[in-house]
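> Each residue of the sequence shown is one higher than the one before, starting from 42 at the first, in the working numbering.
Built from N, CA and C at the ideal position, the CB exists for glycine as well.
In this text the structure is predicted, and so the values were computed from the model without any measurement.
Take this structure first; my questions come after.
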Amino acid sequence: MAQQTIIKLLDDLDGSEASETIVFGLDGRTYEIDLNEKNAAKLRKALESYVDKGRKMSQTRGGRRGAASPSAASSGDTAQIRAWAKENGYEVNDRGRVPAEIKEAYGKAKVA
């Protein structure tokens, strides 16, 4: 007996038939959404000015992003990062690893 499986993409916004799956990222998280042509165009239009001004991040094995900035990843900056984090309302231990999100925020603050 033959069997046929049909997969139909449905637009996640309005339930109509979707034409594509769009992958996008925000705040260090990656999302995907199934959209029809009209809703995909709306999403692209809404993000257009941000994409034009943004910097592309390279993907490494395992899908993780690269370091926010080389200086933020340096172990010699750990004391500075901890001091900056405390001054800016982050909870950080006096010893041990500094969380990646704090290093990333520090790197972004120093670039700005």
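State the Cα-Cα distance for the pair V92 and M42, rounded to the nearest angstrom.
Distance between the alpha carbons of V92 and M42: 50 Å.
> How is the alpha helix (DSSP H) around D75 delimited, first residue to last?
First-last for D75: R70 to L76, but that is the beta strand (DSSP E), not the alpha helix (DSSP H).
> What's the gap between the Cα of E128 and the Cα of A81?
Cα to Cα, E128 sits roughly 42 Å from A81.
> When you compare only the Cα positions, how much space is there between E132 and N77?
Each residue's Cα considered, the two are about 43 Å apart.
> Please tell me whether I143 and A124 are closer than 8 Å, where the distance is taken between their beta carbons.
No, the Cβ-Cβ distance between I143 and A124 is not below 8 Å.
> Check for me: the alpha helix (DSSP H) holding I148 runs from which residue to which?
The amino acid occupying residue 148 in the given sequence is Gly; Ile does not appear at that position. It spans A141 to V152 - the alpha helix (DSSP H) in which G148 sits, taken as one unbroken run.
> Measure the C-alpha to C-alpha separation of K94 and Q45 and round it to an integer number of angstroms.
K94 and Q45: Cα-Cα distance of roughly 46 Å.
> Taking its Cβ as the centre, do 16 or more other Cβ atoms sit within 10 Å of I122, making it buried, or is it exposed?
Buried: at least 16 other Cβ atoms inside 10 Å.
> Grab the span of the beta strand (DSSP E) containing E128 for me, first residue to last.
Careful: E128 lies outside any beta strand (DSSP E), inside the alpha helix (DSSP H) at T119 to E128.
> In angstroms, rounded to a whole number, what distance separates the CA positions of K83 and D118?
Cα to Cα, K83 sits roughly 43 Å from D118.
> In whole angstroms, give me the CA-to-CA distance for I74 and R85.
Cα to Cα, the separation comes out at about 12 Å.
> For the candidate residues G69, K151 and D53, whose alpha-carbon lies nearest to that of M98?
Ranking G69, K151 and D53 by Cα distance to M98 puts G69 first.
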